[in-house]
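Engineer: What follows is a single structure, and I will ask about it in a moment.
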């Protein structure tokens with residue numbers, strides 16, 4: 039494996055460096071740096087969105103989720119994401135219509151312009167800052183604990199985390215969004231290849247699909263139905279996750295930016311179709327990897343299971359591609375989110391161009407360091423942390439929807455309600471208020487309340 | 010509105026209706042019956058194969074939706 043890694047990793051690194059400097063040369067203004075310069079076509083648009091969405095969470099978190107909680111994880115991600123891509127058709131149309139009227143520098147700036155108050159932008163930014171930093175952190179956490187387990191004598195996990203963040207900062211700050219987008223294309227391809235090769239090896243050990251489920255049933259039959267061995271996949275949990283994921287494209291700035299800068303509506307909608315196909319292609323193999331873990335490594339920790347299944351049970355060159363695929367997956371999601379946070383901050387600033395660019399670059403570095411610190415102190419429950427992040431940003435959904443669907447300025451009551459919801463959700467995460475109110479999950483209750491406020495607010499205007 | 014526009018709008022509305030119906034059905038015991046593995050399809054447990062079918066239908070609906078979306082290119086900003 040090490041020999042293959044010594045051959046393949048420099049090739050990957052060279053390509054990243056090439057993209058960074060090539061993009062730097064192409065960027066003529068701060069707008070080029072932040073928004074990529076030219077509109078995205080179908081293929082590049084699709085690959086960058088896919089690489090941004092499907093991350094370490096996919097290659098490490100999902101197999102571990104299937105291993106521990108069973109096939110209900112498919113409803114959690116497969117069905118919810120399938121529905122999400124359908125929603126993109128509708129969202130892309132309304133977003134782009136609004137962008138045509140108001141212009142686009144970022145979602146925060148668009149909200150500020152729609153609501154006619156800076157508070158809309160500030161609340162949005164506070165929400166994404168609070169809930170995106172942990173998501174970026176788990177990408178870094180995921181890959182660093184994996185590398186530590188794979189190379190115990192080399193570096194501690196925090197050392198790997200620093201290296202990953204440094205690499206991410208280098209090419210983001212050098213080439214801007216264009217470099218990130220082209221790196222995403224490369225990273226999405228590596229991720230897809232790696233996950234299928236690993237799954238094929240796992241399937242080979244079972245013999246056939248039906249044998250796989252027979253062996254899993256012998257080990258733990260509850261893995262083959264909901265709510266799973268630990269009772270995680272209750273109906274309410276699955277509904278809340280479904281709702282939260284539907285708001286993902288409209289509330290996550292890195293996705294909104296990409297939909298807004300695509301060439302035209304047709305390209306944005308075809309991207310949604312391609313994304314749906316890619317989603318099926320990339321999630322299906324994670325089931326085989328996860329169930330392989332359930333049969334062979336049910337007692338191991340997350341990191342040890344992943345190292346065994348993804349590296350030690352694979353051929354040398356496959357293990358090397360996997361390591362690069364994992365680094366690529368972590369980078370492609372983290373850089374996009376960190377950069378999107380910088381873009382959002384820029385869209386709220388009202389300074390001269392030179393100062394704005396400097397502030398944006400500093401902000402990107404600050405967000406990356408904040409993620410690094412959080413990654414060192416966060417837990418290994420990657421998927422559950424990701425879900426908390428999605429639930430937090432989803433609280434911004436009704437506010438965003440109201441802004442893009444209302445012709446005039448929407449009612450400001452939704453801003454107040456959203457701010458309160460963010461505070462309540464954060465308090466529940468800190469354990470200050472209960473996670474369930476009258477038997478209903480707090481995140482679901484808050485989403486329902488905000489949606490109701492949004493509907494009533496629109497109705498009376 | 011011309012006949013083609015009317016047809017697109019109708020197909021789109023049917024797809025939206027189907028989206029709501031499928032979303033609701035997913036969270037009923039028809040798809041996620043607690044502690045139930047049977048009936049299997051080619052060895053695949055019940056919730057998994059029904060979940061596959063639903064996810065695939067959603068993706069196919071997205072394909073149809075992209076073809077029949079009633080918002081025209083003229084309304085598109087770019």
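Chains as they are written, first to last, in the working numbering: chain V, 39 to 499; chain F, 10 to 87.
Using N, Cα and C, we set each Cβ at its ideal position, and we do this for glycine too.
1. What separation, rounded to the nearest whole angstrom, lies between the Cα atoms of residue 195 of chain V and residue 424 of chain V?
2. Leaving aside the five residues before and after residue 500 of chain V along the sequence, list all residues of the same chain whose C-beta is less than 7 Å from its C-beta, in chain order.
3. DSSP on residue 366 of chain V, reduced to helix/strand/coil?
4. Just checking my contact of residue 127 of chain V with residue 60 of chain F at CB under 8 Å: how many whole Å lie between their CB atoms?
5. Using the beta-carbon of each residue, which ones in chain V are nearer than 7 Å to residue 48 of chain F?
6. When the distance is taken between beta carbons, is residue 398 of chain V closer than 8 Å to residue 383 of chain V?
7. With DSSP as the reference, label residue 40 of chain F as helix, strand or coil.
8. Measuring alpha carbon to alpha carbon, tell me which residue in V:447, V:410 and V:428 is nearest residue 207 of chain V.
9. At which residues does the alpha helix (DSSP H) containing residue 243 of chain V begin and terminate?
10. So which residues of chain V does residue 63 of chain F contact, with C-beta pairs closer than 9 Å?
11. Can a CB atom of chain V be found closer than 8 Å to the CB of residue 13 of chain F?
12. Which residues in the same chain as residue 157 of chain V place their Cβ atom closer than 7 Å to its Cβ, once the five residues preceding and following it in sequence are excluded?
13. Could you compute how far the alpha carbon of residue 308 of chain V sits from the alpha carbon of residue 291 of chain V?
14. Between which residues of its own chain and residue 465 of chain V is the CB-CB distance below 8 Å, once the five residues before and five after are set aside?
15. Compute the beta-carbon to beta-carbon distance between residue 117 of chain V and residue 35 of chain F, rounded to the nearest angstrom, for a pair I have assumed lies under 8 Å.
16. Under 6 Å Cβ to Cβ from residue 314 of chain V, same chain only, skipping five residues before and after it: list those, please.
17. Using a Cβ distance threshold of 8 Å, determine whether the region 222-234 of chain V contacts the region 365-379 of chain V, with at least three qualifying pairs required.
18. Can at least three beta-carbon pairs, one atom from the region 88-96 of chain V and one from the region 246-266 of chain V, be found at a separation below 8 Å?
19. Which residues of chain V have a Cβ atom closer than 7 Å to the Cβ of residue 51 of chain F, listed in chain order?
20. Could you spell out the range, first to last residue, of the alpha helix (DSSP H) harbouring residue 352 of chain V?
21. Is residue 404 of chain V near the ligand ATP, in the sense that its beta carbon is under 7 Å from a heavy atom of that ligand?
22. Residue 34 of chain F versus chain V: which residues are under 7 Å apart at the beta carbon?
23. Considering only their Cβ atoms, is the gap separating residue 492 of chain V from residue 463 of chain V smaller than 8 Å?
24. Mind pulling the chain V residues with CB within less than 7 Å of residue 68 of chain F?
25. Mind the definition here: the region 332-349 of chain V touches the region 158-177 of chain V only if three or more C-beta pairs lie below 8 Å; say whether that holds.
26. With DSSP as the reference, please indicate the residues paired to residue 300 of chain V in a beta bridge.
27. Just by C-beta distance, which residues in the region 270-292 of chain V are closer than 8 Å to chain F?
28. Short check: CB of residue 273 of chain V to CB of residue 481 of chain V, under 8 Å?
29. Under 9 Å between beta-carbons, which chain V residues line up against residue 26 of chain F? List them in chain order, please.
30. Around the Cβ of residue 242 of chain V, are there at least 16 other Cβ atoms within 10 angstroms (buried) or fewer (exposed)?
31. Identify every residue that forms a DSSP beta bridge with residue 53 of chain F.
32. Taking 8 Å as the limit between beta carbons, can you name the residues of its chain near residue 151 of chain V, skipping five residues before and five after?
33. Between residue 297 of chain V and chain F, is there a C-beta pair that is closer than 8 Å?
34. What's the C-alpha gap between residue 289 of chain V and residue 438 of chain V?
35. At 8 Å on the CB atoms, spell out the chain F contacts of residue 110 of chain V, in chain order.
Structural biologist: Judging by the given coordinates:
1. 20 Å
2. In the structure displayed, chain V extends from 39 to 499; residue 500 of chain V sits before or after that span and is not available.
3. helix
4. Rounded, the Cβ-Cβ distance is 22 Å, inconsistent with contact.
5. Within 7 Å Cβ-Cβ: nothing; residue 48 of chain F doesn't reach chain V, min ~12 Å.
6. yes
7. coil
8. V:410
9. 195-244
10. 113, 116, 117, 120 and 121
11. no
12. 453
13. 20 Å
14. 471
15. 6 Å
16. 123
17. yes
18. no
19. 247 and 248
20. Counting along the chain, residue 352 of chain V falls outside any alpha helix (DSSP H), and DSSP gives it neither H nor E.
21. Although the ligand ATP was asked about, the structure shown includes no ligands whatsoever.
22. Result: empty, since nearest Cβ-Cβ is about 10 Å, beyond 7 Å.
23. no
24. 120, 123, 314, 315 and 318
25. no
26. V:78
27. 271, 273, 276, 277 and 280
28. no
29. In chain order: nothing, as chain V lies at least about 12 Å away.
30. exposed
31. F:50
32. 140 and 141
33. no
34. 7 Å
35. 41 and 56
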